[in-house]
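Colleague: The sequence shown begins at 0 in numbering that gives the first Met the number 0 and counts up by one.
By construction, the Cβ of each residue, glycine as well, lies at the ideal position given by its N, Cα and C atoms.
Note that the coordinates shown come from a computational prediction; the quantities given were computed from them, not determined experimentally.
Just passing along the structure, written as structure tokens.
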Amino acid sequence: MRSFTITNNRSFMAALFTGTLFDPFYTESVQITTACTLKIDGRTVPAFYTADELAQMPAPLPEFTPWSVLRSLCFSAIKGKKTPLFFQITFHADKQTLTRLTSSDRCAADASLVQALALTIRFESGICRLTTGTAFTTFVPDKSLEKLWDEEVQCFLDTQGIEASVS
């Protein structure tokens, strides 16, 4: 697990809420506190979709909703003259990232035991932090996947020009 403190909140918030940078991530949950608190459970609800819509979606249907679907809703909740008091978004990496990392020579973890490669974004008291995490379906003593995920997120931030310090 690694924690990053964003050093340029304005550009990061623009990338998060108005850009497509985080669209490949799946959204486990969102909580936004402004004048009230909005909570979103990101689990996909298949009953909402018609049979035709489901047929056009990837199979199997993802457990969580892509950020691209929720981004505009979340942006609507925070836009205005006042900064939100708090928000927290928990993302999961996509299956391709999981497969690529667990296939690495440097990883000893079995992909079937991985529940999630998580990235939590938390904004509170004017400070925005990103925290990586790995979740397994059972105890796994090996930390190689966790290290690779930490490096992956660091590389993502660097490549995208997101200013952050390791905290």
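1. For ASP22, is the classification buried or exposed, using 16 other Cβ atoms within 10 angstroms of its Cβ as the cut-off for buried?
2. Out of THR131, LEU116, THR26, state which residue places its alpha-carbon closest to the alpha-carbon of PHE3.
3. Hey, how far is the Cα of LEU37 from the Cα of SER75?
4. Can you tell me whether LEU72 is buried or exposed, with buried defined as 16 or more other CB within 10 angstroms of its CB?
5. Using the three-state DSSP reduction, which class does SER102 fall into: helix, strand or coil?
6. Just checking THR131 against the ligand FMN - is the residue's beta carbon closer than 7 Å to any of the ligand's heavy atoms?
7. Have a look at LEU69 and GLY160 and give me their C-alpha separation to the nearest angstrom.
8. What first and last residue would you give for the beta strand (DSSP E) that runs through ASP40?
9. I need the DSSP call for ARG9, collapsed to helix, strand or coil.
10. So is LYS142 in contact with chain B if we call contact Cβ pairs under 8 Å?
11. How would you write the range of the alpha helix (DSSP H) that ILE31 sits in, first residue to last?
12. Considering only the beta carbon of each residue, do LEU112 and PHE135 sit closer than 8 Å?
Modeller: On the basis of the data shown:
1. Classification for ASP22: exposed.
2. It is THR131.
3. 11 Å
4. With a 10 Å radius around the Cβ and a threshold of 16 neighbouring Cβ atoms, LEU72 comes out exposed.
5. If DSSP states are grouped into helix, strand and coil, SER102 belongs with coil.
6. You won't find the ligand FMN in this model; it holds no ligand whatsoever.
7. 23 Å
8. 36-40
9. helix
10. Given the protein chain composition of this structure (a single chain), no chain B is represented.
11. Unbroken run through ILE31 is the beta strand (DSSP E), 25-32; no alpha helix (DSSP H).
12. Result yes, Cβ atoms of LEU112 and PHE135 sit closer than 8 Å.
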